[in-house]
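I have placed the structure first, in the form of structure tokens, so that the comments after it can refer back to it.
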Amino acid sequence: MSSESTRASDPGADSPSPSTGPRWTFLSNHAHVLISLAEDSDVLMREVAAKTGITERAVAKILVDLEREGLVERHREGRRNSYKLDLDKPLRHPIEQHRTVGELIALIIR
321 MSSESTRASD PGADSPSPST GPRWTFLSNH AHVLISLAED SDVLMREVAA
371 KTGITERAVA KILVDLEREG LVERHREGRR NSYKLDLDKP LRHPIEQHRT
421 VGELIALIIR
């Protein structure tokens, strides 16, 4: 069955249902974690996981990616972590690399 006929038979296929929410988002989980850190540099991974809708393990893996890329610097303060972001780094994809991480975050954070 083609996607055209699927859409025709299920007019709500692309719209979110109240119980499950949207099936996709414009920003990645990496962006969601980065935005969460920009909003609160002392946030707990548990809080980031709850806010972004992913597991703590997924947040930890994303943090490793972001640190490896030089976007995030983690500082241990007692039993907690604090995060410093490099907002001047360009976005990675060729379509958006003319913009910085800081510009993206500024669009999202109120």
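Heads up, the sequence shown is in my numbering, so the first residue is 321 and it goes up one at a time.
Using N, Cα and C, we set each Cβ at its ideal position, and we do this for glycine too.
query: State the beta-bridge partners of residue 410 as determined by DSSP.; result: 420
query: Would residue 352 be called buried (16 or more neighbouring beta carbons within 10 Å of its own) or exposed?; result: buried
query: For residue 421, tell me which candidate among 372, 399, 390, 398 has the shortest Cα-Cα distance.; result: 390
query: Buried or exposed: residue 347, going by 16 or more other Cβ atoms within 10 Å of its Cβ?; result: exposed
query: Alpha carbon to alpha carbon, how far is residue 368 from residue 360? Give it in angstroms, no decimals.; result: 10 Å
query: Do you know offhand how far residue 394's Cα is from residue 379's?; result: 13 Å
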